[in-house]
Amino acid sequence: MAQLRERIARWIDDCDGEMREALEWQFLTGSKYFRPLTIFSCYRAMHRGPIPEQIMQSALVIELFHNVSLIVDDIVDRSPTRRGRATMHTRFGELSALMASGYIVAEGYLQLKQDLAGIALFSELLKRLGVAECMQWRLRRQPLGIEDWRRIAGEDTGSMFEICACLGDRSGRLRKFGGLLGLLYHGCDDVGDVKGLAALGGGGEEDLRDGILTLPAALAIRDPAAARIFCDPQAGNLAELGAYFVAKLPEAEAYLDKIAQEGRTEAQSFASSPEPLLALIERTRQLSRY
Amino acid sequence: MSDPEGTFGSGSGRSAQDPVTGFFVALRDAWLAGAALGENLTAPSTAGGHPGAASPAASLLAPMIGALGKMADFAAANRQRFDQPGAGPAARAASPGASDAAAAADFLLPIGHAMTIAANRSISYWLGLARIFESHQAGLAQAVGLEAATEPGKAGSERLVAADELRALLREVADLATREARLLQNELGSLDESIAQNFQQPDLADSYHRRWRSKI
Numbered sequence: 000m001a002q003l004r005e006r007i008a009r010w011i012d013d014c015d016g017e018m019r020e021a022l023e024w025q026f027l028t029g030s031k032y033f034r035p036l037t038i039f040s041c042y043r044a045m046h047r048g049p050i051p052e053q054i055m056q057s058a059l060v061i062e063l064f065h066n067v068s069l070i071v072d073d074i075v076d077r078s079p080t081r082r083g084r085a086t087m088h089t090r091f092g093e094l095s096a097l098m099a100s101g102y103i104v105a106e107g108y109l110q111l112k113q114d115l116a117g118i119a120l121f122s123e124l125l126k127r128l129g130v131a132e133c134m135q136w137r138l139r140r141q142p143l144g145i146e147d148w149r150r151i152a153g154e155d156t157g158s159m160f161e162i163c164a165c166l167g168d169r170s171g172r173l174r175k176f177g178g179l180l181g182l183l184y185h186g187c188d189d190v191g192d193v194k195g196l197a198a199l200g201g202g203g204e205e206d207l208r209d210g211i212l213t214l215p216a217a218l219a220i221r222d223p224a225a226a227r228i229f230c231d232p233q234a235g236n237l238a239e240l241g242a243y244f245v246a247k248l249p250e251a252e253a254y255l256d257k258i259a260q261e262g263r264t265e266a267q268s269f270a271s272s273p274e275p276l277l278a279l280i281e282r283t284r285q286l287s288r289y
Numbered sequence: 000m001s002d003p004e005g006t007f008g009s010g011s012g013r014s015a016q017d018p019v020t021g022f023f024v025a026l027r028d029a030w031l032a033g034a035a036l037g038e039n040l041t042a043p044s045t046a047g048g049h050p051g052a053a054s055p056a057a058s059l060l061a062p063m064i065g066a067l068g069k070m071a072d073f074a075a076a077n078r079q080r081f082d083q084p085g086a087g088p089a090a091r092a093a094s095p096g097a098s099d100a101a102a103a104a105d106f107l108l109p110i111g112h113a114m115t116i117a118a119n120r121s122i123s124y125w126l127g128l129a130r131i132f133e134s135h136q137a138g139l140a141q142a143v144g145l146e147a148a149t150e151p152g153k154a155g156s157e158r159l160v161a162a163d164e165l166r167a168l169l170r171e172v173a174d175l176a177t178r179e180a181r182l183l184q185n186e187l188g189s190l191d192e193s194i195a196q197n198f199q200q201p202d203l204a205d206s207y208h209r210r211w212r213s214k215i
């Protein structure tokens, strides 16, 4: 991971001076590098020996693309801060943030060089993330269920981790595992937000305000009274809706345990050495338990 | 299906079977038992409608059972060869006196292995399906009795919950099918690879040895 950090720093040094300050602001603080870790773990689950250059490149580019999704999310959500510091658009303005996003995507593809399979996977990722965001927004404030949450989360965070798994193992055998890991991550994020945790970057208030279908929301709106407030925020106050969500936390945690078990079964069935993947599942599952 | 010995080979009942013959006989008998079970389950409907027609299970399984019987016979005829340690295809390629029949026997074990893999996955699928239905039983029963039992105001949301339950069931069934298919593909892929390795020519220089993995 230290090697990856160095690569990111070197990459920023080589970028245009006009962009450098904004990129340093975005990249050189606070990342958990969870997506690169997923790529490395999937590689180790299927192959022996040191991490090859192509996999290191993929890890760098996934971190670049992940940050693009954060920058755009923050602009759309009008989030002033992320992980306790100003977001890029708050610090440098919307135009700089949007231009930096495009710059990072172009740089990402350049970094991939001759890795055609990687290029195809990253293209799939960008397309799916775009579709997922539109779908999530279109389906807000609707009385939907757990299966709808699974579909939205599976396309949003799920697609990100699915691609990480494919980039790491390069055979497609761990694609489903990656999807389940992403679903678990998304669900832990949802639960963590309701618990009011900063560990995952916050964002719970925006989801509540915008009527985004989170895991606790999908469980809570089975109650018609909660569904009424969720679908029409004028019908009651958001604190009341939040209380419905909190009441569903034990059920949400149990559902996350079920997804974690699906992930473990998948890892044990398809990985040559499942240990790194099992560790990844445990680490992800802890995210909602702080 | 009433006379398996006469119809599908004569492997069963042979005394002092070697392990390979025994393996195929056991496989054939397992398929026969499955076919008989299928016949019993479908007996009332077929007996009434078409007295002379074979049951679907028998029609589907007959070629498989016949093939296994033939393989058992073939293995028994070549048992001497199986007893020789280290008599792999690569070794025989260097020995000009090896017979065609013995060479053909090299395919029997992988075929038997493939059939075992397929049978295991099939069983695993049906067991998984039973588990899924068991886990959703209560929720689905509740959904069926929902219409009469619920208050008018609550009916809408409870129907959504029931629909969610049904969708979860369908997803799990679909996931199970694709999972079992992927496992089958992986296991057959490994067998395929081991066959390819086994049949690699021993006298080639290192630089010509195959380095790729087969794909199915």
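Just so you know, the sequences run in chain order G and C. Those letters in the first sequence? Residues 0 to 289, per numbering that gives the first Met the number 0, in order. Those letters in the second sequence? Residues 0 to 215, per numbering that gives the first Met the number 0, in order. Using N, Cα and C, we set each Cβ at its ideal position, and we do this for glycine too. Since we're looking at a predicted model, the values are computed, not measured.
Apart from the five residues just before and just after residue i, which ones in its own chain have a Cβ nearer than 8 Å to its Cβ?
i, result
"C/Val143", "none"
"C/Ile116", "Leu183, Glu186, Leu187 and Leu190"
"C/Val172", "Leu128 and Ile131"
"G/Arg6", "Met55 and Leu59"
"G/His65", "Arg34 and Met159"
"G/Ile280", "Leu180, Leu183, Ala259, Gly262, Arg263 and Ala266"
What are the start and end residues of the alpha helix (DSSP H) that includes residue i?
i, result
"G/Asp188", "Arg174 to Val193"
"G/Asp76", "Glu52 to Asp76"
"C/Leu139", "Leu107 to Val143"
"G/Gly167", "Thr156 to Asp168"
"G/Lys257", "Leu248 to Phe269"
Which of helix, strand or coil does DSSP assign to residue i?
i, result
"G/Arg84", "strand"
"G/Cys14", "coil"
"G/Leu138", "coil"
"G/Leu143", "coil"
"G/Pro223", "helix"
"G/Met45", "helix"
"G/Asp114", "coil"
"G/Ile211", "coil"
"G/Met98", "helix"
"G/Pro275", "helix"
"G/Pro79", "coil"
"G/Ser30", "coil"
"C/Ala46", "With a pLDDT of only 44 at C/Ala46, under the threshold of 50, the placement of this residue in the model should not be trusted; the figure read from the coordinates follows. C/Ala46: helix per DSSP, three-state reduction."
"G/Asn236", "coil"
"G/Arg149", "helix"
"C/Asp174", "helix"
"G/Arg288", "coil"
Taking residue i as the query, report the chain G residues whose CB atoms sit under 7 Å from its CB, ordered along the chain.
i, result
"C/Arg170", "Glu146"
"C/Asp163", "Gly144, Ile145 and Glu146"
Residues in the same chain with beta-carbon distance under 7 Å from residue i, minus the five sequence neighbours each way, listed in chain order, please.
i, result
"G/Ser95", "Ala21"
"G/Glu123", "Ile162"
"G/Thr89", "Pro79"
"G/Ile118", "Tyr108 and Leu111"
List, in order along the chain, the chain C residues whose C-beta lies closer than 7 Å to that of residue i?
i, result
"G/Ala238", "The premise fails here: G/Ala238 is roughly 22 Å from chain C at the closest Cβ pair, so nothing lies under 7 Å."
Listing by chain order, which chain C residues have their CB less than 9 Å from the CB of residue i?
i, result
"G/Phe39", "Going along chain C, no residue has its Cβ under 9 Å from G/Phe39, so there is no contact; the nearest lies around 22 Å."
If the cut is a Cβ gap below 8 Å, which residues of chain G does residue i touch?
i, result
"C/Asp72", "By Cβ distance, chain G contributes nothing, its closest Cβ being about 37 Å from C/Asp72, past 8 Å."
"C/Ala176", "Under the 8 Å cutoff, chain G gives no residues; its nearest Cβ is about 13 Å from C/Ala176."
"C/Val160", "Gly144 and Arg221"
"C/Asn185", "Arg172 and Phe269"
"C/Ala167", "Ile145 and Glu146"
Report all residues from its chain with a CB closer than 6 Å to the CB of residue i; omit the five preceding and five following residues, and keep chain order.
i, result
"G/Ser272", "Ala44"
"G/Ser287", "Cys187, Val190 and Gly191"
"G/Val75", "none"
"C/Gly138", "Glu164"
"C/Ala176", "none"
Using a C-beta to C-beta distance shorter than 9 Å, which residues of chain G count as neighbours of residue i?
i, result
"C/Ser156", "Pro142, Ile220, Arg221, Asp222, Pro223 and Ala226"
"C/Leu182", "Ser268 and Phe269"
Can we count residue i as close to the ligand SAH, meaning its CB is less than 8 Å from some heavy atom?
i, result
"G/Leu94", "By its list of ligands, the structure shown contains no ligand whatsoever, and the ligand SAH lies outside what it can speak to."
Query - the region 167-177 of chain G / the region 231-250 of chain G touching (three or more Cβ pairs under 8 Å) - result: Here the region 167-177 of chain G does not lie against the region 231-250 of chain G, with fewer than 3 beta-carbon pairs under 8 Å apart.
Query raised in the report: Are three or more beta carbon pairs between the region 7-18 of chain G and the region 138-148 of chain G nearer than 8 Å?
Result: No, they do not touch.
Query raised in the report: Do three or more CB pairs link the region 68-88 of chain G to the region 43-56 of chain G at distances below 8 Å?
Result: no
Query raised in the report: For the 8 Å Cβ check, are there 3 or more pairs between the region 110-128 of chain G and the region 51-63 of chain G?
Result: yes
Query raised in the report: Three or more beta-carbon pairs under 8 Å between the region 209-222 of chain G and the region 148-161 of chain G, yes or no?
Result: In short, these stretches touch, since the Cβ pair count reaches three.
Query raised in the report: Are three or more beta carbon pairs between the region 33-43 of chain G and the region 149-166 of chain G nearer than 8 Å?
Result: At 8 Å Cβ cutoff, the stretches touch.
Report task. Examine the Cβ distances between the region 253-264 of chain G and the region 227-237 of chain G and report whether three or more of them are shorter than 8 Å. Result -> no
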